[in-house]
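Below: one structure, written as structure tokens.
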């Protein structure tokens, strides 16, 4: 698949429907809205439930937010966990500075959140590129993470470019290019539907309400900065040296019909770390937690409760 098409698809997939910033009610029903400082910025998060801590980390992309887990958070609470769902910088209701976003910026935010907010160690559920960030933290700061649930993680063949001056130069180029096509390409409903049909299991999941939410969140002020950063590779995170040294129990979930990050990508992860539980989810692509939430919730709560090895 063309790398640029892959980048846009993963970007839109990560733009899982979020409420607009003008709304102040909690995004996840029943949760309590909170904020915590991260340097000069603010991390928005929501929490509810009692028990061992589980942190939900959304995917990477303009307009993304914790709303990705709208079908999953309550099931974790019902299973006896305390849920923390946060918005990464540039997404949802957290700060959206007009800056070049980097892997270090977001890994630093998530690391500090894990240090300060939930009772450590916490289980972490993350997908795509955010899953690669979680792997990095699990390897570098193992005392912060008890278990990992990784949904279609990247970091081997995909989204693993080295962070160097070439990435900075690419950011400048894409900022100029995408700045001109943002309104005519990414904000076009037909373009969004085209890419998202490669992410969702089918039109039944990709409702008009979902499409409207993607569109709304790509129009939020400063949403384009994370797009410039993502497409230019500044958010990429290689896990080739990190993944083999992860010691925590890991559940890896993968849609068996995914084409952009196909389940075959799991081979690199399994070969490098055989003590990993890989569970294909039938009939879905990149979003098993959205397309088959009942199955997703059952296997994740079982794993976190010690029922899967």
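Residue numbers (mature numbering (1 follows the signal peptide of the UniProt record, and there is no 0)): -20 to -1, 1 to 289. C-beta: ideal position from N, C-alpha, C; glycine also.
Rounded distance between the beta-carbons of residue j and residue i, thought under 8 Å
i, j, result
"residue 85", "residue 65", "With a Cβ gap of about 20 Å, residue 85 and residue 65 do not count as contacting."
"residue 263", "residue 237", "6 Å"
"residue 133", "residue 232", "7 Å"
"residue 116", "residue 217", "6 Å"
"residue 62", "residue 34", "7 Å"
Buried versus exposed, by CB contacts within 10 Å (16 or more), residue i
i, result
"residue 148", "exposed"
"residue 230", "buried"
"residue 145", "exposed"
"residue 52", "buried"
"residue 20", "exposed"
"residue 4", "exposed"
Where the alpha helix (DSSP H) through residue i begins and ends
i, result
"residue 290", "The requested residue 290 is not part of the displayed model; the chain covers only -20 to 289."
"residue 292", "Any property of residue 292 remains undetermined from this structure, which presents the chain solely from -20 to 289."
"residue 249", "246 to 252"
Residue interval of the beta strand (DSSP E) (run including residue i)
i, result
"residue 49", "Taken as a continuous stretch (DSSP letters only), residue 49 belongs to no beta strand (DSSP E), as it is neither H nor E."
"residue 290", "Only positions -20 to 289 of the chain appear in this structure, which leaves residue 290 out of reach."
"residue 13", "12 to 18"
"residue 65", "61 to 66"
"residue 128", "125 to 131"
"residue 57", "Not the beta strand (DSSP E): residue 57 falls in the alpha helix (DSSP H), residues 53 to 58."
"residue 75", "No beta strand (DSSP E) holds residue 75; DSSP gives it neither H nor E."
Reduced DSSP secondary structure (H/G/I, E/B, other) of residue i
i, result
"residue 154", "helix"
"residue 107", "strand"
"residue 210", "helix"
"residue 231", "strand"
"residue 145", "helix"
"residue 264", "coil"
Heavy atom of the ligand FMN within 7 Å of residue i beta-carbon
i, result
"residue 209", "Looking at this structure, you won't find the ligand FMN or any other ligand, since it has none at all."
- Item | the stretch 243 to 258 in contact with the stretch 269 to 276 per 3-pair CB rule at 8 Å | no
- Are three or more beta carbon pairs between the stretch 199 to 210 and the stretch 90 to 107 nearer than 8 Å? No: the two stretches stay apart, fewer than three of their Cβ pairs being nearer than 8 Å.
- Message: Under 8 Å, with one C-beta from each stretch per pair, do the stretch 239 to 246 and the stretch 133 to 142 reach the 3-pair mark?
- Response: Touching, yes, given that three or more Cβ pairs across the two stretches are closer than 8 Å.
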